[in-house]
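S.K.: Terminal number for the sequence shown in this note's numbering: 429, no gaps in between. Even for Gly, the Cβ is constructed at its ideal location relative to N, Cα and C. Quick caveat, the model's predicted, so the values are computed rather than measured. Before I ask anything, let me first share the structure, which is written out below as structure tokens.
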Amino acid sequence: MTSASRTGQASEQFVTRRSSLVTRHSPLVILLVCFAATVLASGCGGPQGDRELVARIDRSLGRGARFLVSKQLPDGAWRSEVYGGLKDGATLTPPILKAFAYLPNPDTETRAALRKGVSYLMSWIGDDGRIRDGGLRLPFPVYTAALASMVVNLESQDPPHERARSAWFHHLLQYRLSGSLGWKPEDSAFGGWGYAVHIPKRAEAGESPYESNLSATIFGIGALRHAGVALDDPIYREVRSFIARCQNFPEDGKEADPRFDDGGFFFTPSDPPRNKAGISGTDGLGRVRYNSYGSATADGLRALIRCGLAADHPRVEAARRWLENHFSATSNPGRFTEDREVLRNATYYYYCWSVGHALTALGAPKTSMNWARALAENLVRQQASDGAWTNVYTDGKEDDPLVATPLATAALAHCRWTLSGQHPPSFK
Numbered sequence: 002m003t004s005a006s007r008t009g010q011a012s013e014q015f016v017t018r019r020s021s022l023v024t025r026h027s028p029l030v031i032l033l034v035c036f037a038a039t040v041l042a043s044g045c046g047g048p049q050g051d052r053e054l055v056a057r058i059d060r061s062l063g064r065g066a067r068f069l070v071s072k073q074l075p076d077g078a079w080r081s082e083v084y085g086g087l088k089d090g091a092t093l094t095p096p097i098l099k100a101f102a103y104l105p106n107p108d109t110e111t112r113a114a115l116r117k118g119v120s121y122l123m124s125w126i127g128d129d130g131r132i133r134d135g136g137l138r139l140p141f142p143v144y145t146a147a148l149a150s151m152v153v154n155l156e157s158q159d160p161p162h163e164r165a166r167s168a169w170f171h172h173l174l175q176y177r178l179s180g181s182l183g184w185k186p187e188d189s190a191f192g193g194w195g196y197a198v199h200i201p202k203r204a205e206a207g208e209s210p211y212e213s214n215l216s217a218t219i220f221g222i223g224a225l226r227h228a229g230v231a232l233d234d235p236i237y238r239e240v241r242s243f244i245a246r247c248q249n250f251p252e253d254g255k256e257a258d259p260r261f262d263d264g265g266f267f268f269t270p271s272d273p274p275r276n277k278a279g280i281s282g283t284d285g286l287g288r289v290r291y292n293s294y295g296s297a298t299a300d301g302l303r304a305l306i307r308c309g310l311a312a313d314h315p316r317v318e319a320a321r322r323w324l325e326n327h328f329s330a331t332s333n334p335g336r337f338t339e340d341r342e343v344l345r346n347a348t349y350y351y352y353c354w355s356v357g358h359a360l361t362a363l364g365a366p367k368t369s370m371n372w373a374r375a376l377a378e379n380l381v382r383q384q385a386s387d388g389a390w391t392n393v394y395t396d397g398k399e400d401d402p403l404v405a406t407p408l409a410t411a412a413l414a415h416c417r418w419t420l421s422g423q424h425p426p427s428f429k
């Protein structure tokens with residue numbers, strides 16, 4: 002068992018405790034052994050229709066993995082063939098590696114691709130133990146650092162891999178809009194992560210160019226949990242304060258407005274134009290309110306749970322009810338304003354990805370089983386003959402198969418765990 006290691010940022014002053022699930026053995030090897038057994042036994046765990054669907058999912062996952070392996074470059078990275086801004090290598094490689102780790106039965110080529118990709122991410126670590134970017138800013142530092150910190154030690158927890166994990170994790174912490182960067186609890190962006198490519202220090206005066214959003218924040222939370230940061234650490238209280246601002250849910254009866262308080266989530270209170278579903282109106286206190294929608298609510302629900310709120314907490318129950326009432330396997334649900342309707346399915350595969358994770362987080366058998374069947378059926382149907390998934394919409398860059406395919410793969414894997422009764426790996 003690896004010993005607990007201190008990885009707190011000096012200004013944050015917390016201790017990162019490695020998960021008790023981390024052992025001397027490679028997590029991927031452990032997953033392979035466990036999943037190999039459960040794959041063989043999967044025909045014994047549910048209705049005949051579910052067993053047949055699980056078999057179809059396995060074939061679909063295999064095709065998706067082969068497509069992704071075929072696109073890996075000699076240095077171990079993946080680079081977009083569609084978007085110049087996604088050719089840096091560090092942006093697309095971590096989500097693809099994480100998708101590989103979700104596979105129930107990866108073949109030899111996939112395991113080799115994973116090892117090669119991990120080596121590529123380790124090559125970003127300089128002699129000083131920090132991320133070296135060669136003077137180039139990462140396009141999406143929060144997503145890259147969060148995911149890299151989760152996947153870089155899949156093969157080993159030896160000192161070089163742990164050093165790389167710690168480096169990526171500390172890089173992530175630098176981008177949280179926290180008190181150490183001048184942010185105050187009353188700021189709408191306080192506590193979360195956003196899209197900033199520079200360290201998001203709060204402006205002394207005037208309007209800040211930085212924001213926090215729910216999507217970047219759920220990735221940050223995942224890295225915190227994977228790193229073993231205890232749920233009683235104060236960082237979660239700060240992160241929850243931002244999550245609460247993204248939920249259409251009253252803090253108390255005085256602030257309630259039933260016209261808007263449906264329990265769902267929107268993307269951000271600190272950068273209004275980015276709320277894909279648009280403005281829903283102005284409440285009784287004169288506050289501008291935003292429409293709840295599916296991908297944001299799935300993210301928000303998971304964020305609440307991963308930050309330690311119980312399943313019966315009013316916020317969690319409200320978000321669950323919203324998803325139960327609005328769930329769709331074919332489109333991102335919610336009420337979008339007419340001028341925003343074109344954005345509904347621009348991030349459809351991200352929506353699938355987030356709902357897939359929500360299935361695991363909820364653990365509600367009847368609801369989860371129904372969702373998993375519908376979502377899996379639709380995803381399997383949408384897969385192209387070469388194993389890839391692509392979106393016809395371009396706003397979320399999901400028309401790039403290297404963006405859409407790892408999202409669809411991870412969503413399908415979560416559906417498979419729900420339908421087969423298996424337990425996913427310890428990613429959050």
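Please say whether Y176 and P210 have beta carbons closer to each other than 8 Å?
M.R.: no
S.K.: How big is the Cα-Cα spacing for L148 and A224?
M.R.: The C-alpha of A224 is placed about 7 Å away from the C-alpha of L148.
S.K.: Could you tell me the alpha carbon to alpha carbon distance between L420 and M370, rounded to whole angstroms?
M.R.: When rounded, the distance between both Cα atoms is 6 Å.
S.K.: Quick one: what does DSSP say V230 is sitting in, helix, strand or coil?
M.R.: strand
S.K.: Is it buried or exposed, R307, if we count other Cβ atoms within 10 angstroms and call 16 or more buried?
M.R.: buried
S.K.: Could you please give the first and the last residue of the uninterrupted beta strand (DSSP E) stretch that includes Y291?
M.R.: 289-291
S.K.: Who are the Cβ neighbours of D284 in its own chain at under 8 Å, not counting the five residues just before and after it?
M.R.: D258, R260, F261, R290
S.K.: Report, in whole angstroms, the separation of the C-beta atoms of R164 and G118, which I expect to be a contact under 8 Å.
M.R.: With 8 Å as the limit, R164 and G118 do not qualify as a contact, their Cβ atoms being about 17 Å apart.
S.K.: Can you tell me whether R177 is helix, strand or coil according to DSSP?
M.R.: strand
S.K.: On a Cα-Cα basis, can you pick out the residue from E325, L403, G90 that is closest to R67?
M.R.: L403
S.K.: Just checking my contact of R464 with V153 at CB under 8 Å: how many whole Å lie between their CB atoms?
M.R.: The question about residue 464 has no answer, for the chain in this structure spans 2 to 429.
S.K.: Does the separation of the CB atoms of Q384 and S167 fall below 8 Å?
M.R.: no
S.K.: How would you call Q158, buried or exposed, if buried means at least 16 neighbouring beta carbons within 10 angstroms?
M.R.: Buried is the call here.
S.K.: Would S332 be called buried (16 or more neighbouring beta carbons within 10 Å of its own) or exposed?
M.R.: By the 10 Å Cβ count, S332 comes out exposed.
S.K.: In three-state DSSP terms, what is G335?
M.R.: strand
S.K.: Looking at the unbroken alpha helix (DSSP H) that takes in G183, where does it start and where does it end?
M.R.: Per DSSP, G183 belongs to no alpha helix (DSSP H) and is neither H nor E.
S.K.: Measure the Cβ-Cβ separation of S213 and S271 and say whether it is below 8 Å.
M.R.: The criterion of a C-beta distance shorter than 8 Å is satisfied by S213 and S271.
S.K.: The alpha helix (DSSP H) spanning T1 covers which residue range?
M.R.: Residue numbering for the chain in the displayed model covers 2 to 429; residue 1 lies beyond these limits and cannot be assessed.
S.K.: Can you tell me whether P235 is buried or exposed? The criterion is at least 16 other CB atoms within 10 Å of its CB, across all chains shown.
M.R.: exposed
S.K.: Does N326 pass the burial test, meaning 16 or more other C-beta atoms within 10 Å, or should it be called exposed?
M.R.: exposed
S.K.: Output the distance between the C-alpha atoms of P378 and D59, rounded to the nearest integer angstrom.
M.R.: The sequence shown places Glu at residue 378, rather than the Pro named in the question. Those two C-alpha atoms are separated by around 12 Å.
S.K.: Do you know offhand how far T395's Cα is from H172's?
M.R.: 29 Å
S.K.: Leaving out five residues before and five after S81 in sequence, what residues of the same chain have Cβ atoms less than 7 Å from its Cβ?
M.R.: L87, K88, L93, D401, L403
S.K.: Straight-line CA distance for R57 to A206?
M.R.: 57 Å
S.K.: Following the continuous alpha helix (DSSP H) through G193, name the residue where it begins and the one where it ends.
M.R.: Note, G193: premise wrong, no alpha helix (DSSP H); not H, not E.
S.K.: What three-state label does DSSP hand Y294 in the structure shown?
M.R.: strand
S.K.: Residue range of the alpha helix (DSSP H) that I280 falls in?
M.R.: Note, I280: premise wrong, no alpha helix (DSSP H); beta strand (DSSP E) at 280-283.
S.K.: With a 10 Å radius around its C-beta and 16 neighbouring C-beta atoms as the bar for buried, classify A311 as buried or exposed.
M.R.: Residue environment: A311 is assigned as exposed (fewer than 16 neighbouring CB atoms within 10 Å of its CB, all protein chains considered).
S.K.: Just how far apart, CA to CA, sit C247 and I222?
M.R.: When rounded, the distance between both Cα atoms is 15 Å.
S.K.: For H424 and A412, I'd like the C-alpha separation in whole angstroms.
M.R.: 14 Å
S.K.: Here's a check: name, in chain order, each residue in its chain whose Cβ is nearer than 6 Å to the Cβ of G77, leaving out the five neighbours to either side.
M.R.: K117, G118, S120, Y121
S.K.: Given a threshold of 16 other Cβ atoms within 10 Å of its Cβ, counted over all protein chains shown, does C45 qualify as buried or as exposed?
M.R.: Interpretation of C45 is limited by its pLDDT of 38, a score under 50 that renders its predicted location unreliable; no figure is taken from the coordinates.
S.K.: I'd like to check one pair, W194 with G264: are the Cβ atoms closer than 8 Å?
M.R.: no
S.K.: So if DSSP puts Q248 in a beta bridge, which residue, or which two residues, is it bridged to?
M.R.: F266
S.K.: Check I132 in the structure and name its three-state DSSP category.
M.R.: strand
S.K.: How long is the line joining the alpha carbons of L380 and L215, rounded to whole angstroms?
M.R.: 24 Å
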